[in-house]
Amino acid sequence: MPELPEVEAARALAERWTVGRTIVAADDADEWVCRPHPPGEIVTAIVGRRVESVERIGKSMWLVLDDGSRLGLHLGMAGRLVGLAPESSGLPDTAGEPLTARERSDWSMPVRSGSRPTPTGLPGEGSWSRFTIELDDGGRLVLFDKRRLGRVRLNPDLSGLGPDALLVDEDTFVTRVGRGVLPLKARLMDQATIAGIGNLLCDEILWQAQQPPLRPASDLSEAELRELHGIVHACTREAMVRGGVHLGDVIEHRKKGEHCPRCGAEMVRATVGGRTTWWCSFEQAWPPVED
DNA sequence: AACAATGTTCAGTC
DNA sequence: GGACTGAACATTGT
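Under this note's numbering, the first residue of the first sequence is numbered 557, with each subsequent residue one higher.
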């Protein structure tokens, strides 16, 4: 799920569950998700610290602790954050998106072997729960990640990230995006250029903008880049309102045999910027179709 | 069974 | 060094 809109929802959830509270325990036993930190290193660093705020740039977020250190959380390809109330056996806080039946099963009664050596059997400690912190009010924040591509890092290096896609101003956007020979889609998804746009949101943005994913980024005029900046902002906001990038207008048409919901032409597929990309064969053709 | 999957990283090439 | 490419990463879903 996680592109900028989903990560922002997760950040807000983490904020509600942790800010102003002190971390009293943590589980960093997953050596893959917590790498390169050996088990116990993160626990030692964060237990006893109070959470001051939860920040985000693009798809990266981090807790700011009262000693100035940061605890980085990245959801990877399929991770999500879940809040669990004290003594709760009831429904966890999933910020709107409920757990599926299978996920609830793992959440409440871990039965799989998975990566966790010793499941405790407590709610929120199933094998898909990769990292947990417990706060002084008894609440817990859990990184729930079936695919295990999420990451937890102490003081993560964020220097490689470009400006957040929702905050970047128009002039900066024009300068950074309208450069280089990369296909426009690859340029928009490059987190060093602009942070926050992933595969689905990018397909939606380019479809809304009627821009070809394969068009070289530097081929766009300044006027086109300024318009694109507005569409990036609008699509990202809209995804937040709707509750996820998967609810975009064109996303359900990213399938073989589907047609453009605007002009009816066939949707076509190719790999662009290393990801499966769908676009309207007529409106987003490159080079453009002349009549 | 084979392949794709909302992301990042790293080795390799130009 | 910078820009770019493609495979790898761990695991699940189709």
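Ideal placement from N, C-alpha and C gives every residue a C-beta, glycine not left out.
Practice task
Scan the stretch 593-665 and note each continuous beta strand (DSSP E) run of 3 residues or more that stays entirely inside, going in chain order.
Solution key: Counting only runs of 3 or more, we get 607-613, 616-621, 626-630, 636-640.
Handout entry: Burial state of Asn755 (16 or more Cβ within 10 Å)
Key = By the 10 Å Cβ count, Asn755 comes out buried.
Practice task
Measure from the alpha carbon of Gly736 to the alpha carbon of each residue in Arg636, Val599, Phe838, Thr749, then state which is nearest.
Solution key: When each option's Cα is compared against that of Gly736, the closest is Thr749.
Practice task
For Asp805, name the three-state secondary structure that DSSP assigns.
Solution key: coil
Handout entry: Environment of Val638 [buried if 16+ CB atoms lie within 10 Å]
Key = buried
Exercise for the section: Count the other C-beta atoms from every protein chain shown that fall within 10 angstroms of the C-beta of Glu822, then say buried if there are 16 or more, exposed otherwise. Expected result: exposed
Practice task
With a cut-off of 8 Å on the beta carbons, I'd call Gly629 and Leu699 a contact; round off their distance for me.
Solution key: Per the sequence shown, the amino acid found at residue 629 is Leu instead of Gly. Confirmed, Cβ separation roughly 6 Å.
Exercise for the section: Ignore the nearest five residues each way along the sequence and tell me which others in Glu778's own chain have a CB closer than 8 Å to its CB. Expected result: Val730, Gly734
Problem - Runs of beta strand (DSSP E) wholly within the stretch 680-711 (minimum 3 residues, chain order) - result: Fully enclosed beta strand (DSSP E) runs of 3 or longer: 685-691, 696-700, 707-710.
Practice task
Kindly identify the DSSP beta-bridge partner or partners of His815.
Solution key: Glu822
Practice task
Count the other C-beta atoms from every protein chain shown that fall within 10 angstroms of the C-beta of Cys819, then say buried if there are 16 or more, exposed otherwise.
Solution key: exposed
Exercise for the section: Report buried or exposed for Lys615, applying the criterion of at least 16 other Cβ atoms within 10 angstroms of its Cβ. Expected result: buried
Problem - Distance between Glu608 and Leu619 (C-alpha atoms, nearest Å) - result: 7 Å
Handout entry: Backbone secondary structure at Ala751 - three-state DSSP
Key = strand
Exercise for the section: Find the nearest neighbour of Gly604 within the set Leu647, Arg709, Arg793, Glu690, judged by alpha-carbon distance. Expected result: Cα-wise, what sits closest to Gly604 is Glu690.
Problem - CB of Pro769 within 8 Å of CB of Lys812, strictly - result: No, these two residues do not count as a Cβ contact at 8 Å.
Exercise for the section: Whole angstroms is fine: what's the gap from Pro817's alpha carbon to Trp835's? Expected result: Rounded to the nearest whole angstrom, the CA to CA distance from Pro817 to Trp835 is 11 Å.
Handout entry: Straight-line Cα distance separating Arg696 from Gly706
Key = 18 Å
Handout entry: Beta-carbon proximity list for Ala765, same chain, < 8 Å, skipping 5 on both sides
Key = For Ala765, where only same-chain residues beyond five positions count, the Cβ hits under 8 Å are Glu783, Leu784, Ile787.
Problem - Spatial distance of Ser664 from Pro843 (CA atoms) - result: 53 Å
Problem - Simplified DSSP state of Ala721, which is helix, strand or coil - result: coil
Exercise for the section: Under 8 Å Cβ to Cβ from Ser837, same chain only, skipping five residues before and after it: list those, please. Expected result: The beta carbon of Ser837 lies closer than 8 Å to those of Cys816, Ala821, Glu822, Met823, Val824 in the same chain, with the five residues before and after it left out.
Practice task
Identify, in the order they occur along the chain, each residue of the same chain with its Cβ nearer than 6 Å to the Cβ of Arg810, setting aside the five sequence neighbours on each side.
Solution key: Trp834
Exercise for the section: Tell me, to the nearest whole angstrom, how far the beta carbon of Ala751 is from that of Leu717; I am working on the premise that it is less than 8 Å. Expected result: 5 Å
Exercise for the section: Consult DSSP for Arg732 and reduce its assignment to one of helix, strand or coil. Expected result: helix
Handout entry: Pro739, DSSP secondary structure in three states
Key = strand
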